[in-house]
Amino acid sequence: MERICFAVLAHEKRRILKDMLANIRYFCPNSSIVLYNGGSNPQLCRNLGYPVCPYSKKMQWGNLAQFMLDIMKWLDDTGYQYDYLINLDSDALFARKGFESFIISQMKDADYMAVRARVYGDKWYPGREMKRRWSKWQPLLKTEQFLGCFNVGQVFSKDLVKKILSSDDIDKIQKNIIENGTFALEEILYVTLAHTLGVKIKSYPEDVAGFIRSRHYFTLFEVSRYIKSNAPCYLLHPVRRDMNDNVRRYIRRLMSGYSKNSRRHLTV
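First residue of the sequence shown? That's 23 in our numbering, and the numbers climb one at a time after it.
As C-alpha cells, this is what we get:
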C-alpha cells in the first residue's frame, strides 16, 4: 500500500494540535505525520511523538510558501519513506474514513493534486498580487501563465518532490520566496512548479473539494447533515481552533463511537 505523509503546519494551541493528531490517527491510521513549528513557542511541537522539522521557523499568515519547501528538503535529507506528501493547516479536521484510499486512487495517474487547481481570472486576489512581481518569478517558473489552487490539502508525489528539489533554479526560488514573496504564494508556487516540470496535475473532485474551503468555519448543522447523508466529507477546512467548538466536539464523539446521527450530547 502506498504511504501517505501528512505535513502539519502548527502555529499555536498545543491542545488543539494534539486533538488534530488524534483525529488524523483515527481517520487515516495507515499514514505518517510530521510537524512544522510555524509559531513563536519552541515547545509547541515537542514530545508529541512525531518528528518535527528542524528547519521550522515562524510563519506569517499569507506567507507560508517556505513551509513546504523546508519539509521537502528535510524529508529528502533524512530519507523519510513516503509516496505522497500532503500539507495540512491546524484548522483542518477529518470527519470520515476513506481519505487514504481516495488519495491513492486519485494519484494513480497524477503527481500533483490540489483543490481547485487551475488558471484564475483577475478577481482572484493572490493572482493579482503575483502579477505585480511576475517579472521576478517568470524567469524561474519558466511559463507565460501561472496557476493557482487552495493551499490546504496539496498532494505531491515523491517523484515530484525530487524533481522540485533537483530543479536547477531551486536555490533561486528559495531566495525569491524571501525577497519577492507575494500574498498566498503557496497557492501559486507549487502548482505552477508542477506544471513547469511537466508532471500530470489534477484537481480534487468537486464533491470532495467542496469541504475544503477558505471560509467560513463549518457549523454543527452542516457537518451533522453531511455525515448523515454519507457525503464524502473526508477532510474539513476550516474548523475553529477551540476545543469547545461544536464541530470538534461532534467529531470527537464520532471517534468515540457515538451514533453519527446523534446531536443530543452536543450542547455547550
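No residue lacks a Cβ here, since even glycine has one placed at the ideal position from N, Cα and C.
Counting every other CB atom within 10 Å of its CB across the protein chains shown gives V269 a total of 16 or more, marking it as buried. Nearest C-alpha to R275 among K95, L242 and G175: L242. Per the coordinates, the alpha-carbon of I210 lies some 30 angstroms from the alpha-carbon of R47. Across the set V261, Y256 and R262, the C-alpha of Y256 shows the shortest separation from the C-alpha of I125. T214 sits buried, since 16 or more C-beta atoms from the chains shown fall within 10 Å of its C-beta. Minimum Cα-Cα distance from K185 among the listed residues P73, A206 and G220 corresponds to G220. In the three-state reduction of the DSSP assignment, A253 falls in the coil class, being assigned neither a helical nor a strand state.
By alpha-carbon distance to L43, the top candidate from P254, N69, N63 and G61 is N69. For R138, the enclosing beta strand (DSSP E) starts and ends at Y134 to R140.
If you check the CB distance, V177 and I93 do not come in under 7 angstroms.
If you ignore the 5 residues before and after D229, its C-beta comes within less than 7 angstroms of the C-beta of P254, all in its own chain and listed in chain order. Looking at the backbone, the Cα of K250 and that of S62 are separated by about 40 angstroms. In the three-state reduction of the DSSP assignment, Q103 falls in the coil class, being assigned neither a helical nor a strand state.
In the displayed model, K224 falls within a strand according to three-state DSSP. Inclusion of L57 and A32 in the CB contact set at 7 angstroms is warranted, their separation being smaller than that value. For T100, the closest of D181, R37, C75 and K119 by C-alpha to C-alpha distance is C75. S53 carries a coil assignment under DSSP once its states are collapsed to helix, strand and coil. I223 is positioned such that its CB atom lies closer than 7 angstroms to that of A139. Boundaries for S189: no beta strand (DSSP E) harbours it, and the DSSP string shows neither H nor E there.
Between Y106 and the set F116, D133, R118 and W96, the nearest pair of CA atoms involves D133. Setting aside the 5 residues that flank it on each side, Y72 is surrounded in the same chain by I55 and L57, each with a C-beta closer than 6 angstroms to its C-beta; the list follows chain order.
A114 is positioned such that its CB atom lies closer than 7 angstroms to that of H259. Per DSSP, reduced to three states, the secondary structure at F168 is coil, with no helix or strand assignment. Of the residues Y102, Q128, L162 and S225, the one whose Cα lies closest to the Cα of C171 is S225. With respect to the 7 angstroms criterion, R25 and Y102 are not classified as neighbours on the basis of their beta carbons. When the Cα atoms are used, P148 and F205 turn out to be separated by approximately 6 angstroms.
In the DSSP secondary-structure assignment, S179 is bridged to Y106.
Linking K79 to R37 through their CA atoms gives a straight-line distance of about 20 angstroms. Non-local C-beta neighbours of N85 in its own chain, meaning closer than 6 angstroms and more than five positions away in sequence, comprise G203, ordered along the chain.
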